[in-house]
Amino acid sequence: MAPASNGQSAIVRTERGLTISGTRITLYDVMDHLAMGKPPQVILNWLPLTEEQLDAALIYIERNRDEVESEYQEILKTAEEIRQYWEERNRERFARIAAAPPKAGRETLWEKLRAQKARHAAEL
């Protein structure tokens with residue numbers, strides 16, 4: 017792992033992208049939380065980071081906003097492409113599973129589930 021060009025070793029570039037040194041947490045993980053509007057204290061509740069690590073990440077993001085934002089958008093685009101690929105690939109399988117009759121003895125449970133789904137759809 018080589019240090020990223022921030023003059024510190026707090027942020028390193030790995031095969032996963034810009035990563036907080038000593039962790040598997042990327043700056044893109046932090047960016048996800050920032051995009052949801054979470055303040056730093058809440059981010060610390062969700063990610064196993066120290067305050068110093070999170071501060072280093074936030075400083076790096078701020079100082080290199082254009083580069084980090086560009087990479088983050090690429091990550092989001094790739095993730096969406098992967099999601100769509102698997103959704104399409106599994107569409108037929110999910111349809112077969114949904115059309116399969118319930119296992120013996122579970123008919124009552126399935127009927128209850130269908131009724132709940134119908135109630136939920138009516139509420140929307």
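So for the sequence shown, this note's numbering puts the first residue at 17; every next one is plus one. Even for Gly, the Cβ is constructed at its ideal location relative to N, Cα and C. Predicted model only: the values in this text are computed from it and were never measured.
#### Entry: Under the three-state DSSP convention, the category LEU60 falls into
helix
Q: Out of GLU139, GLN132, TYR88 and GLN100, state which residue places its alpha-carbon closest to the alpha-carbon of ARG32.
A: TYR88
Measuring alpha carbon to alpha carbon, tell me which of GLY121, ALA134, MET47 and GLU96 ends up nearest GLU78.
Cα-wise, what sits closest to GLU78 is MET47.
>> Please report the straight-line C-alpha distance between ASN106 and LYS119, rounded to a whole angstrom.
In response: 22 Å
To the nearest angstrom, how far is it from the Cα of ASN22 to the Cα of ILE36? Note on ASN22: pLDDT 44, under 50, position unreliable in the model; the coordinate value appears next. One C-alpha to the other measures close to 12 Å.
With 16 other CB atoms within 10 Å as the buried threshold, where does TYR101 fall? exposed
In this structure, how does DSSP classify LEU65 when only helix, strand and coil are distinguished?
coil
Worksheet item: Can you tell me whether ILE113 is buried or exposed, with buried defined as 16 or more other CB within 10 angstroms of its CB?
Response: exposed
Notebook entry, point to check: Going straight from the alpha carbon of ALA134 to that of ARG99, what length do you get?
Noted result: 27 Å
* Are PRO56 and LEU70 touching if we call contact CB-CB under 8 Å? -> yes
Review point. Exposed or buried, which one is ALA115 when buried takes at least 16 other CB atoms within 10 Å?
Key: Burial state of ALA115 is exposed, judged by a 10 Å Cβ sphere holding fewer than 16 other Cβ atoms.
Those residues which DSSP pairs with THR42 across a bridge = BP columns for THR42 point to THR35.
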